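K.L.:
Quick one: the structure is below, questions incoming.
In my numbering, the protein residues as written are 2 to 185.
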């Protein structure tokens with residue numbers, strides 16, 4: 002009896018995860034097992050990060066741009082210099098950086114700042130890439146979204162030069178995993 006209960010609970014959890022991962026961005030699969038729990042997505046508007054006080058931080062994968070709180074900034078491969086292609090449930094996992102961007106006091110960055118219009122707000126850009134944070138990064142300095150294939154495209158941590166941060170080779174544990182992760 003207990004085994005049937007666990008099987009039913011597992012099936013129900015799979016349905017919830019699959020429902021939470023649906024999006025208009027097409028099919029994709031996560032390349033990392035560090036995706037946020039399905040319960041972090043909601044139908045409420047995604048909270049957004051502020052564009053003021055952008056700085057650099059050294060991470061385990063290299064130097065990246067961060068917001069004032071130390072959260073790594075990302076860009077989405079499907080975006081253009083004038084349009085974000087991350088909306089709806091995508092924006093719940095990848096909150097856009099809202100406002101006119103500026104470097105932290107005393108910091109000089111080589112890239113070009115800008116903005117695009119996003120639902121009546123300004124979204125910050127760096128070297129033509131709209132900027133986002135990632136809900137899967139739960140502490141400053143994490144780069145869990147780097148190289149992640151989600152919402153129909155790849156996500157990259159932003160480097161001071163505006164280039165993508167090189168993706169790390171999958172670890173043996175990650176490549177042997179059969180879980181599909183969340184494609185959001």
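Don't be surprised by glycine CBs; every beta carbon is placed ideally from N, CA and C. Here the structure is a predicted model, which is why all the values come from computation and not from measurement.
Got a sec? Which residues, its chain only, sit under 8 Å from residue 191 by beta carbon, not counting five neighbours each side?
P.N.:
Because the chain spans 2 through 185 in this model, residue 191 falls outside it and cannot be assessed.
K.L.:
Does residue 43 come out as helix, strand or coil in the three-state DSSP assignment?
P.N.:
At residue 43, the pLDDT of 31 sits below 50, so the modelled position is not reliable; the number obtained from the coordinates is stated separately. Of the three classes helix, strand and coil, the one that applies to residue 43 here is coil, per DSSP.
K.L.:
Find the nearest neighbour of residue 128 within the set 99, 162, 55, judged by alpha-carbon distance.
P.N.:
162
K.L.:
Give me the residue from 92, 69, 76 with the minimum Cα distance to residue 131.
P.N.:
76
K.L.:
Buried or exposed: which applies to residue 94, given that a residue is buried once 16 or more other Cβ atoms fall within 10 Å of its Cβ?
P.N.:
Residue environment for residue 94: buried (at least 16 other C-beta atoms within 10 angstroms of its C-beta).
K.L.:
My output table needs one value for residue 162: the three-state DSSP class, helix, strand or coil.
P.N.:
coil
K.L.:
Is it true that the CB of residue 96 sits closer than 7 Å to the CB of residue 126?
P.N.:
No, the Cβ-Cβ distance between residue 126 and residue 96 is not below 7 Å.
K.L.:
How long is the line joining the alpha carbons of residue 51 and residue 68, rounded to whole angstroms?
P.N.:
7 Å
K.L.:
Under 8 Å by Cβ, that's how I've got residue 123 and residue 100 pegged, so tell me the actual separation to the nearest angstrom.
P.N.:
Yes, residue 123 and residue 100 are in contact; Cβ-Cβ is about 6 Å, under 8 Å.
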